[in-house]
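4 protein chains.
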Amino acid sequence: MSPRRAAALRDGEQSLREHLIAAAGRLVAARGTAGLTVRDIARAAGVADGVLYNHFADKEELVAYALHAHVRAAEAGLSGAPPAPGEETVAANLRAYLERALALHSAILPAFTGVVGQPKVLARFAGLPNPMGGGHGLRVELADYLRGEQRLGRVRAEARPDAVAVLLVGVCHDLVLGRLLDPSGPAVPEPAPGLVSDVVDTLLHGLAPPAPG
Amino acid sequence: MSPRRAAALRDGEQSLREHLIAAAGRLVAARGTAGLTVRDIARAAGVADGVLYNHFADKEELVAYALHAHVRAAEAGLSGAPPAPGEETVAANLRAYLERALALHSAILPAFTGVVGQPKVLARFAGLPNPMGGGHGLRVELADYLRGEQRLGRVRAEARPDAVAVLLVGVCHDLVLGRLLDPSGPAVPEPAPGLVSDVVDTLLHGLAPPAPG
Amino acid sequence: MSPRRAAALRDGEQSLREHLIAAAGRLVAARGTAGLTVRDIARAAGVADGVLYNHFADKEELVAYALHAHVRAAEAGLSGAPPAPGEETVAANLRAYLERALALHSAILPAFTGVVGQPKVLARFAGLPNPMGGGHGLRVELADYLRGEQRLGRVRAEARPDAVAVLLVGVCHDLVLGRLLDPSGPAVPEPAPGLVSDVVDTLLHGLAPPAPG
Amino acid sequence: MSPRRAAALRDGEQSLREHLIAAAGRLVAARGTAGLTVRDIARAAGVADGVLYNHFADKEELVAYALHAHVRAAEAGLSGAPPAPGEETVAANLRAYLERALALHSAILPAFTGVVGQPKVLARFAGLPNPMGGGHGLRVELADYLRGEQRLGRVRAEARPDAVAVLLVGVCHDLVLGRLLDPSGPAVPEPAPGLVSDVVDTLLHGLAPPAPG
DNA sequence: GATGAATGAGCTTTCATTCAT
DNA sequence: TATGAATGAAAGCTCATTCAT
């Protein structure tokens, strides 16, 4: 005779707590945190309005967990493995990283913009086990990849992997934010044709003309 | 013959309408548009609760104007003129553009994040005379500058000015958003030492090793 | 050099006071007193919002005058003269009175229903020169007419003219109120075909069977 | 397992929903629907301001239910059964019907006048189970009664029961509205002495002189 | 725990009225 | 006297949170 489990649990969910986080995470993914009410979450989870206060201090704590879950889900949803040093060409690999980052930030950034200006959620989120989400992992992966290529001689020894990571992630922020602020366009940003290639080309060859000589 | 004059007007303000926009703009600058209420605005402006409806259709219209005013104030607050082609070095000019953009986005972006998910404000804002704010002007300036340098031969002919603009603005988004999502840090992002140089260097020289031979 | 007249006056209006009453009366006629605001009135009169307080103690006083004007306008709008004793047949005359009363109450009653529960307006209205409006004149006319017919022997001597007036006006109230409470129907009540005839017949011949013998 | 129970419930009330309807119904009975606010209702019910939205879509829905309850309460409050054909005299029965109708409309009509011009309430009310309130039942009862008397020969075969019903209900509207528009008088209309008798007499014997011999 | 109705502060918005001009 | 912007109380409604069951 095992103890009674909550009726609303889905496959793989061990507790109502997890179930609430998953349900809230789904809402965050779909609509952001902007107009999210506790009633919405309770209804989406199929439970009573007040349950969440048995498992979380307040709405903000649950939203922080939901955000966290959403980030991890988005990271897990990235297809395939990131390129490794030495494979293909550096250009193709940069492009692959850019496309990975774009996919990730398209999913994540909308949720985060809604949480700016909600200090309680931010504080809760910062206190979670792995506050390093939000694309940080991807940043590190890219920098590591570039250091690998430097060792192989396919990237200039003087290049700055961390700066490249900032540039590449920044492009994603720019494209996604642009779409968010112009809701008339498509939900998933489709960068102007050629932009990805141009960015990769710029990162590869830079602006400076060849040294005379 | 004339109606009563608002007691709350500050120096240089011609109408309560302007005064309200200014007051709301100050709040938007300080706290973003997230938890902004009409009472907050009225209190900050030193006027009665209902006044704003004598001058604006609804709260969203006022917030859109406040946002607009805030953007223009931030743009006006940029020191000096942007570098012109041929002056100084390309590296110094790129750094100057980056610092300009960083200053601008530090002021602007926090306000815009709060407005994501407020479609009514976005729609009103898009309807204002100059919807080209939000750093768009700076983007164009930079691309134009780079095209000038291309003509002078100080930038590779094959370089992509628009891609560089995206990269540079993207860096700003990345740095500002990072701070917004970690409110424990300073309000104005102070990038890691060396990052600006590294970014400029990357943009100038790229990743690719010098062609052999 | 006569004194300046308000710009908004219409033909025949001597003062802004009259102009306001006329404008408010037109609004009352068109939309009742339900959602009427002082701004509506000022706009309809083409004057500033606050003027009415130079001529009336408050909104209620103006509305009372407007109601009064509306009643008089409706009474003045009745076509022709009421039937006189001895003309035509009594049946035709009763029908004519009923139709007059119906026309009058269709115009007047909607405005009055909105004013029930507004004691301030009612009190002001009761204080006006001729609070006898509202169909009272018609009631007296009908009773007088019937007394004339009694003298001529075309109406039973024992008949009660005042009771007949109540019955006839009551029919109007019933029909108009029915329409007001069922806004899906036509604005001007079109009584069920035959109802007018049946009412007239009932008033003429009553319910009792002919006395035996 | 069950949620909290409202502390404000009165005897016999099963739910706060019923309690709210009853409280609102009392207010409607006392003051009409004219200046009724949700705060008034909440205060009268002894509950928090926002409760009603847990049970009704909006204020109008609650008011419609309150109106409905008020009508049913008034109908239930009528003393005794309506007269049946063949009992007593037709004159006494007509008087009894008139007094019934007067009692009913004295209670009901004030509430309905306030609702004219509130289309949302009217629409909600029309959607309720028994929109036949408002004296309609009484109208049918009277017409049926008269048809019964026609069969017994105590009422002329040519008489028009429906027209009589309109006349009788119309008298009520007239008397009650008269009082509503002259709030200085008593709340429950006390018709002029003799008026009831005169109306009954008129309905019975009509205006026409006996046909010559 | 889980329930879900009750709570009440707080939101945006309206509008009769005032009053400096 | 006419103006019309300023006032501020009050309206309908939402929603995070509590708590008796």
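Residue numbers (the numbering used here), protein chains in the order written: chain F, 1 to 213; chain D, 1001 to 1213; chain H, 2001 to 2213; chain C, 3001 to 3213. By construction, the Cβ of each residue, glycine as well, lies at the ideal position given by its N, Cα and C atoms. Note that the structure is a prediction, hence the values are computed from the model and not measured.
I think residue i touches residue j, with their Cβ atoms under 8 angstroms apart; what is that distance to the nearest whole Å?
i: aspartate 1182/D; j: histidine 173/F; result: The pair is not a contact, with the Cβ atoms about 15 angstroms apart (cut-off 8 angstroms).
i: leucine 1142/D; j: valine 1164/D; result: 7 angstroms
i: histidine 70/F; j: valine 121/F; result: Contact doesn't hold; Cβ gap of about 13 angstroms is too wide.
i: leucine 3204/C; j: glycine 2206/H; result: 5 angstroms
i: leucine 2104/H; j: glutamate 2075/H; result: 7 angstroms
i: glycine 2137/H; j: alanine 2073/H; result: Between alanine 2073/H and glycine 2137/H the Cβ distance is about 14 angstroms, and since that is not below 8 angstroms, they are no contact.
i: alanine 3045/C; j: glycine 2117/H; result: Actually they do not touch by this definition, with Cβ atoms about 21 angstroms apart.
i: glycine 3153/C; j: proline 2209/H; result: 7 angstroms
i: threonine 1202/D; j: alanine 159/F; result: 7 angstroms
Using the beta-carbon of each residue, which ones in chain D are nearer than 9 angstroms to residue i?
i: histidine 205/F; result: Arg1156, Glu1158, Ala1159, His1205, Gly1206, Leu1207, Ala1208
i: glutamine 118/F; result: Ala1034, Gly1035
Excluding sequence positions up to five away, which residues of its chain have a Cβ less than 6 angstroms from the Cβ of residue i?
i: alanine 42/F; result: Asp49
i: lysine 1059/D; result: Val1038
i: valine 1155/D; result: Leu1146, Glu1149
i: proline 2003/H; result: In this prediction, proline 2003/H scores a pLDDT of 45, lower than 50, which makes its location untrustworthy; no coordinate-derived value is stated.
i: alanine 3107/C; result: Ala3074
i: leucine 3056/C; result: Contrary to the premise, residue 3056/C reads as phenylalanine rather than leucine in this sequence. Hits under 6 angstroms: Leu3062.
Skipping 5 residues on each side, what residues in its chain have a beta carbon closer than 8 angstroms to that of residue i?
i: leucine 1177/D; result: Leu1109, Thr1113
i: alanine 2084/H; result: Tyr2145, Gly2148
i: aspartate 2040/H; result: Leu2027
i: arginine 2151/H; result: Pro2085
i: glutamate 1087/D; result: Asn1093
i: glutamate 13/F; result: His19, Ala22
i: leucine 1128/D; result: Ala1064, Tyr1065, His1068
What residues of chain D sit near residue i, judged by a beta carbon separation below 7 angstroms?
i: leucine 177/F; result: His1173
i: alanine 101/F; result: The premise fails here: alanine 101/F is roughly 11 angstroms from chain D at the closest Cβ pair, so nothing lies under 7 angstroms.
i: aspartate 40/F; result: Under the 7 angstroms cutoff, chain D gives no residues; its nearest Cβ is about 14 angstroms from aspartate 40/F.
Against residue i, what residues of chain D qualify as contacts under a CB-to-CB distance less than 8 angstroms, listed in chain order?
i: phenylalanine 56/F; result: The premise fails here: phenylalanine 56/F is roughly 21 angstroms from chain D at the closest Cβ pair, so nothing lies under 8 angstroms.
List, in order along the chain, the chain F residues whose C-beta lies closer than 7 angstroms to that of residue i?
i: methionine 1082/D; result: Methionine is not the amino acid found at residue 1082/D; the sequence shown has proline there. Under the 7 angstroms cutoff, chain F gives no residues; its nearest Cβ is about 17 angstroms from proline 1082/D.
i: alanine 1163/D; result: Leu195, Asp198, Val199, Thr202
What in chain F is Cβ-close to residue i, meaning under 8 angstroms?
i: valine 1166/D; result: Val171, Asp174, Leu175, Leu195, Val199
i: valine 1090/D; result: Leu207, Ala208
Residues in the same chain with beta-carbon distance under 7 angstroms from residue i, minus the five sequence neighbours each way, listed in chain order, please.
i: alanine 2091/H; result: Val2200, Leu2204
i: alanine 2095/H; result: Position check: residue 2095/H holds arginine in this sequence, whereas alanine was assumed. For arginine 2095/H, where only same-chain residues beyond five positions count, the Cβ hits under 7 angstroms are Val2196, Val2200.
i: phenylalanine 1125/D; result: Ala1064, Leu1067, His1068, Pro1131
i: proline 161/F; result: Ala143, Leu146, Arg147
i: leucine 2180/H; result: Pro2110, Thr2113
i: arginine 2139/H; result: Ala2165, Val2169
Shorter than 6 angstroms, the distance from the beta carbon of residue i to the closest heavy atom of the ligand HEM, or not?
i: proline 1082/D; result: What this structure holds is no ligand at all, so the ligand HEM is not there to describe.
Counting only Cβ pairs nearer than 7 angstroms, list the residues of chain C close to residue i.
i: proline 2183/H; result: Pro3119, Leu3122
Which residues in chain F sit within 9 angstroms of residue i, going by Cβ to Cβ distance?
i: proline 1110/D; result: Val116, Gly117
Quick one: list the residues of chain H neighbouring residue i, beta-carbon separation under 8 angstroms, in chain order.
i: alanine 3069/C; result: Correct list: empty, because the minimum Cβ distance to chain H is about 17 angstroms.
Find the residues of chain H that neighbour residue i, judging by a C-beta separation of less than 7 angstroms, and give them in chain order.
i: glycine 3153/C; result: Pro2209
Using 8 angstroms as the cut-off, can you tell me whether the region 48-57 of chain F makes contact with the region 95-104 of chain F, which would need three or more C-beta pairs spanning the two stretches below that distance? no
Please give me, in chain order, every unbroken run of the alpha helix (DSSP H) with length at least 4 that falls completely inside the region 3062-3142 of chain C. 3090-3113, 3119-3126
Stretch pair the region 2066-2086 of chain H + the region 3073-3082 of chain C: three plus CB contacts closer than 8 angstroms: no
Evaluate contact between the region 3013-3025 of chain C and the region 3064-3075 of chain C, counting only Cβ atoms and requiring at least three cross-stretch pairs below 8 angstroms. yes
Counting pairs of beta carbons, one from the region 1160-1169 of chain D and one from the region 1003-1012 of chain D, are three or more of them closer than 8 angstroms? no
Mind pulling the alpha helix (DSSP H) runs of 4 or more residues that sit fully within the region 2140-2175 of chain H? For the region 2140-2175 of chain H, there is no continuous alpha helix (DSSP H) assignment of 4+ residues that stays within its boundaries.
Could you pull out every unbroken alpha helix (DSSP H) segment of at least 4 residues lying fully inside the region 25-56 of chain F, listed in chain order? Fully enclosed alpha helix (DSSP H) runs of 4 or longer: 38-45, 52-55.
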